[in-house]
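*Asks:* Position in the sequence shown (from 1) plus 788 gives the number in my numbering. Glycine included, every Cβ here is placed at the ideal spot set by N, Cα and C.
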Amino acid sequence: MSSEGAPGDRPAEPARHVDRAGLVIAAGLAALAAVLVWDASKLPATNMYGMGPEAMPVVIAVGLVLLAIGNLFDALRGKLPPRESMDAKPVWLILIGLALLIGIIGFGGGFILATSALFVTTSAAFGRRAVFADTAIALVMTTLIYLAFDKLLTLSLPAGPLERLL
789 MSSEGAPGDR
799 PAEPARHVDR
809 AGLVIAAGLA
819 ALAAVLVWDA
829 SKLPATNMYG
839 MGPEAMPVVI
849 AVGLVLLAIG
859 NLFDALRGKL
869 PPRESMDAKP
879 VWLILIGLAL
889 LIGIIGFGGG
899 FILATSALFV
909 TTSAAFGRRA
919 VFADTAIALV
929 MTTLIYLAFD
939 KLLTLSLPAG
949 PLERLL
């Protein structure tokens with residue numbers, strides 16, 4: 789007699805375990821939703837057309853709550869997919885790009901240079917190694933974006949030395 793069981797028997801399911809990281813992610817999503825709702829409640833009410841500026845953060849918060857609930861159920865059932873190993877280099881490159889964006893704008897470098905720095909570091913984070921080509925692409929794209937916002941939409945973006953030449 790074999791130990792495999794009868795032909796109609798189902799194989800035993802692996803024991804389910806609660807995914808603690810999934811629970812933390814669900815709690816973080818719910819906390820972020822709560823912060824959005826709280827922050828939206830502090831906006832001044834300007835309901836000229838039925839909805840004010842506080843509507844969109846609440847919509848996003850509802851989406852975050854739905855994601856938190858789904859993540860919570862999957863974490864409790866142990867159904868979240870296994871995590872891949874993380875390469876820290878791309879994360880650090882993007883964080884450096886964000887720091888450059890904040891620093892360049894903060895020191896008066898302007899939108900074009902700041903956003904170009906973010907573009908180049910992000911493309912490097914995704915594995916692209918053509919730094920000079922990416923810099924040229926970024927400068928052209930961000931200049932066009934700046935002109936669209938400044939001239940067509942008449943919205944002001946942070947101005948620096950390059951923006952003053954335009």
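#1: Going straight from the alpha carbon of leucine 831 to that of histidine 805, what length do you get?
#2: Helix, strand or coil: which one does DSSP assign to threonine 942?
#3: How far does the alpha helix (DSSP H) with aspartate 827 in it extend, from its first residue to its last?
#4: Whose CA, out of Leu940, Ile857 and Leu953, lies closest to the CA of glycine 898?
#5: Starting from glycine 858, trace the alpha helix (DSSP H) in both directions and tell me its first and last residue.
#6: For the alpha helix (DSSP H) that arginine 952 lies in, which residues bound it at each end?
#7: Between threonine 910 and the rest of its own chain, which residues show a CB-CB distance below 8 Å, the 5 nearest in sequence each way excluded?
#8: Whose C-beta lies closer than 7 Å to the C-beta of alanine 913 among residues of the same chain, with five residues either side of it excluded?
#9: Can you give the beta carbon distance from proline 906 to leucine 932, rounded, assuming they're within the 8 Å contact cut?
#10: Mind checking glutamate 872: buried by the 16 CB within 10 Å criterion, or exposed?
#11: Take alanine 849 and list the residues in its own chain whose beta-carbon comes closer than 7 Å to its own, dropping the five residues that flank it on each side.
#12: Indicate the three-state DSSP secondary structure (helix, strand or coil) for proline 870 in the structure shown.
*Replies:* Considering the structure as presented:
#1: 42 Å
#2: In this structure, threonine 942 counts as coil in the three-state DSSP scheme.
#3: 808-829
#4: Ranking Leu940, Ile857 and Leu953 by Cα distance to glycine 898 puts Leu953 first.
#5: 843-865
#6: Run containing arginine 952: 949-953, per the alpha helix (DSSP H) assignment.
#7: Leu881, Ile882 and Gly885
#8: Pro878, Leu881 and Ile882
#9: The sequence given here has leucine at residue 906, not proline. Not confirmed; about 16 Å, so no contact.
#10: exposed
#11: Ala821, Leu824 and Val825
#12: coil
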